[in-house]
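Scroll down for the structure; my scribbles are underneath it.
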Amino acid sequence: MNVMKSNLFKRQDLINYGLLALLLLVVLPLTLDIFRLNLVGKYLSYAFAAIGLVLCWGYGGILSLGQGIFFGIGGYAMAMFLKLEASSPEATAIQSTPGIPDFMDWNQLTALPWFWEPFNSLGFTVLAILFVAPLFAFVVATAMFKRRVGGVYFAIITQAIAAILTILIIGQQGYTGGVNGITDLRTLMGWDIRSDSAKYVLYFFGVAMLFLCLLMAHLVLKSKLGRLLVAIRDREDRVRFSGYDVSNFKIFVFCFAAMLSAIGGAMFTLQVGFMSPTLVGIVPSIEMVIFCALGGRLSIIGAVYGALLVNAAKTTMSEAFPELWLFAMGALFIGVVLAFPNGLAGLYTLLVDKFKQRRAHSSAPANRTSAPAAEKEQVDSSSGVTAPSQS
Amino acid sequence: MSLSHNNPQDFVLAVEGLTVSFDGFKAVNDLSFYVDEGEIRVIIGPNGAGKTTVLDLICGRTKATEGSIKFRNQELTKMKEHQIVHAGVGRKFQNPSIYEDLTVFENLELSFPRGHSVFGALTFRRNAEVIDKVTEIAEMIFLSDLLHQRADLLSHGQKQWLEIGMLLIQDPALLMLDEPVAGMSVAERKKTAELLNRITQDRSVLVIEHDMQFVEDIAHRVTVLHQGQLLSEGSLERVKSDPKVVEVYLGH
Ligand SMILES: Nc1ncnc2c1ncn2[C@@H]1O[C@H](COP(=O)(O)OP(=O)(O)OP(=O)(O)O)[C@@H](O)[C@H]1O
Ligand SMILES: [Mg+2]
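For the protein sequence lines, the chains are A and B, in the order given.
Quick note on numbering: full-length UniProt numbering labels position 338 of the first sequence as 338, and the sequence is numbered without any gaps.
Quick note on numbering: full-length UniProt numbering labels position 155 of the second sequence as 155, and the sequence is numbered without any gaps.
Here it is in structure tokens:
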């Protein structure tokens with residue numbers, strides 16, 4: 001009976017989360033200087049988006065090539081708040097219009113645009129980070145999934161939106177900071193986020209948020225909705241005839257992934273100190289899919305390792321051979337998808353299973369015959385059972 | 001057509017003037033038939049006659065071009081697939097259509113009629129009621145020992161049973177089965193006939209089948225389709241001796 005009780009955390013889950021926590025909270029902070037640790041924090045901000053993709057793409061089968069959109073929404077919301085704080089009339093006294101962000105002044109704006117106003121409030125900013133991206137995702141997903149548009153078409157549409165958004169941001173320099181983005185962010189409620197101590201605090205805060213998001217994603221996947229996503233991925237049509245309105249579940253998971261991505265974007269801005277359109281468009285969106293694929297698209301923990309490893313490789317490689325990096329990443333992606341469809345996590349599970357099997361084998365050799373034979377026995381015995389009469 | 005003057009409430013299913021056209025090709029053409037409460041109706045007909053399409057139309061998978069489908073006086077042609085399921089119509093597909101990456105237990109659990117909204121699915125609890133029901137159904141469909149087996153490892157016949165189980169757990173008032181014994185061994189066929197006889201007692205059933213022995217075992221009445229149209233209808237005896245039926249279907 002205990003197999004049927006769906007226990008939320010298996011022993012192996014706990015071990016895996018424990019190992020990740022050990023790495024992020026102990027090993028890396030103890031071995032890396034703050035410059036490198038801050039880089040890790042930046043990589044981890046992409047992991048939020050990759051976790052969202054595990055749910056949306058790995059489980060739900062909805063490939064989004066536009067997670068940069070939501071990363072950008074979260075990142076820009078955070079940056080707008082920080083920029084306003086950095087643009088007090090005293091700090092910007094030399095501008096022709098003091099009290100507005102510098103790039104607005106350069107673009108001859110003389111007043112703060114209306115949609116910037118609410119970002120004076122931290123409370124509003126936090127709400128915007130959490131809910132604007134899912135709201136936008138809801139509109140897109142509803143328009144698509146209610147009309148049963150999916151698959152490749154959906155991927156293309158999300159990519160197109162990412163491209164449009166980048167163009168919009170770059171084009172509206174006076175309102176958005178244009179191609180440079182929103183830079184020169186200094187303090188959060190008077191606290192200097194550029195200091196080493198602040199970077200430590202933000203790193204640990206980022207890791208805490210990451211674990212919170214992992215927990216939420218874990219609970220979603222362990223609920224019936226998680227199994228439903230798998231069913232939708234494999235046989236969307238059939239799920240309707242089990243009595244579900246499939247589009248609602250696709251909309252939900254896409255919005256959830258958008259929220260995770262937006263939280264990542266905000267963590268990026270806080271730790272890196274700027275936000276720019278290069279983090280919104282097609283290339284970062286595709287990179288996020290690669291983090292997810294490499295880590296293993298069925299593993300939320302794998303997504304974190306995927307984001308860490310690919311970005312670490314990117315930093316090292318692009319320092320040494322900048323022009324080779326894109327090719328290397330492309331090759332890596334194709335190689336992984338072909339050789340290990342379940343990514344690093346798949347490889348890890350394989351090793352763990354092997355290890356367990358060997359241990360079980362050596363401790364109780366008589367007990368463990370080969371698994372396929374045992375399965376076969378089960379099949380045979382079941383078809384030999386005569387139906388018990390019910391009436 | 002004389003039947004249509006009856007009170008429509010007597011029928012669990014009333015199909016009238018049903019037509020569907022795929023780019024001008026009428027796969028179902030002005031079809032009318034009526035199924036009584038508690039009746040087991042078998043639809044037969046040559047390949048491509050439109051049998052599967054009729055089920056597609058009833059369960060909302062295909063939209064009708066013309067005509068009406070009334071299930072206990074509810075018009076189905078305007079409803080979405082999941083609404084038709086909730087109204088009480090369950091359907092088994094011609095090729096076993098199950099969730100291969102999930103276990104037998106999870107396949108049945110997903111079909112359990114509770115927690116069908118997003119919120120409902122997130123908060124769904126695998127309580128004793130669910131476990132008991134799944135266990136009970138698994139026993140009926142001969143899969144008790146394989147509850148935690150991934151469904152893609154089942155044999156073809158077992159997959160067919162699992163899909164029947166997924167329907168049973170929904171407890172539909174109208175059960176529609178598309179060739180439930182196709183591809184089964186003789187032994188499996190016998191077990192399936194036994195299973196169907198047991199599960200069809202308190203509901204109405206619409207079955208498509210080619211296996212005449214099987215039809216004889218279960219049918220109350222038979223509807224013969226040919227080129228999307230009704231060719232003949234009545235008891236199996238009557239239909240079998242209908243010269244039109246002999247010519248297009250039974251003769252070869
Ligand atoms: N979606 C569709 N688009 C175009 N043509 C279709 C579609 N669905 C079915 N048809 C055509 O309608 C006709 C009836 O098909 P249907 O599957 O209903 O036959 P059937 O009686 O179930 O046959 P079988 O015994 O082989 O299962 C066939 O000629 C088929 O090609
Ligand atoms: Mg058919």
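C-beta atoms are modelled at their ideal positions from N, C-alpha and C, and glycine is treated no differently.
Everything numeric in this text was worked out from a predicted model, so none of it was measured.
Shortest gap from the CB of Thr53(B) to any heavy atom of ligand 1: under 7 Å. Counted as a single uninterrupted DSSP element, the stretch harbouring Gly190(A) is not any alpha helix (DSSP H), since DSSP gives it neither H nor E. Just measuring C-alpha positions, the residue of Val224(B), Lys191(B), Leu153(B) sitting nearest Ile164(B) is Lys191(B).
C-alpha of Ser241(B) to C-alpha of Ala87(B): approximately 37 Å in a straight line. For the pair Leu167(B) and Lys92(B), the Cα-to-Cα distance works out to about 7 Å. Straight-line measurement puts the Cα of Leu196(B) at about 42 Å from the Cα of Tyr153(A). By alpha-carbon distance to Met184(B), the top candidate from Glu194(B), Arg198(B), Ser155(B) is Ser155(B).
Under the three-state reduction of DSSP, Gln357(A) is assigned to helix. In this structure, ligand 2 has no non-hydrogen atom nearer than 7 Å to the beta-carbon of Gln227(B).
Counting only residues of its own chain and dropping the five nearest sequence neighbours on each side, Gly50(B) has a CB closer than 6 Å to the CB of Ala27, Val28, Leu225, Gly228. Under the criterion of beta carbons closer than 8 Å, Leu82(A) and Thr269(A) qualify as touching, at roughly 7 Å. For Phe22(B), the CB falls within less than 7 Å of some heavy atom of ligand 1. Leaving aside the five residues that flank Ala163(A) on each side, the residues in its chain whose CB is nearer than 8 Å to its CB run, in chain order, Gly281, Ile282. Under the DSSP assignment, Thr123(B) falls in the alpha helix (DSSP H) whose first and last residues are 118–123. Collapsing the DSSP output to three states places Met79(B) in coil.
Of all residues in the region 101–118 of chain B, only Asp101, Leu102, Phe105, Glu106, Glu109, Leu110, Ser111, Pro113, Gly115, His116, Ser117, Val118 come within less than 8 Å of chain A when Cβ atoms are compared, listed by chain position. For Asn47(B), the shortest C-beta to heavy atom distance toward ligand 1 is below 7 Å. Only residues of its own chain outside the window of five on either side were considered, and among them Gly60, Ile62, Ala141, Phe145, Gly150, Ile232 have a CB closer than 8 Å to the CB of Lys250(A), listed in chain order.
Contact holds between the region 45–58 of chain A and the region 295–310 of chain A, because three or more Cβ pairs, one in each stretch, are under 8 Å apart. In summary, the residues of the region 82–102 of chain B whose CB is separated from some CB of chain A by less than 8 Å are His82, Val85, His86, Gly90, Arg91, Phe93, Ser97, Ile98, Tyr99, Glu100, Asp101, Leu102, in the order they occur in the chain. DSSP, reduced to helix, strand and coil, places Asp245(A) outside both helices and strands of the structure shown, so it counts as coil.
Within chain A, the C-beta atoms nearer than 9 Å to that of Phe124(B) come from Ser223, Lys224, Leu225, in chain order. A residue is called buried once 16 or more other Cβ atoms fall within 10 Å of its Cβ, and Gln12(A), having fewer, is exposed. Interface with chain B (8 Å Cβ-Cβ cutoff): Ser299(A) is excluded. Taken in chain order, the members of the region 244–269 of chain A whose beta-carbon sits within less than 7 Å of a beta-carbon on chain B are Tyr244, Asp245, Asn248, Phe249, Phe252. Here the C-alpha atom of Cys59(B) lies approximately 6 Å from the C-alpha atom of Glu81(B).
Taking 8 Å as the threshold, the shortest C-beta distance from Met176(B) to chain A does not fall below it.
In the DSSP assignment, no residue is bridged to Gly88(B).
Residue contact check for Asp353(A) against chain B: no CB pair falls below 8 Å.
Relative to the non-hydrogen atoms of ligand 1, the Cβ of Ala64(B) never comes closer than 7 Å to any of them. Taking one beta carbon from each stretch, the region 294–305 of chain A and the region 335–348 of chain A have 3 or more pairs nearer than 8 Å; the two touch.
Here Asp242(B) carries a coil assignment [DSSP, helix/strand/coil].
Going by C-alpha positions, Pro172(B) is about 28 Å away from Phe252(A).
Each of Asn127(B), Ile208(B), Tyr249(B), Ser144(B) was checked against the Cα of Asp56(B), and the nearest Cα belongs to Ile208(B). Nearest C-alpha to Gln108(A) among Phe71(A), Val126(A), Gly174(A): Gly174(A). About 26 Å separates the beta carbons of Glu37(B) and Val20(B), which is beyond the 8 Å limit, so they are not a contact pair.
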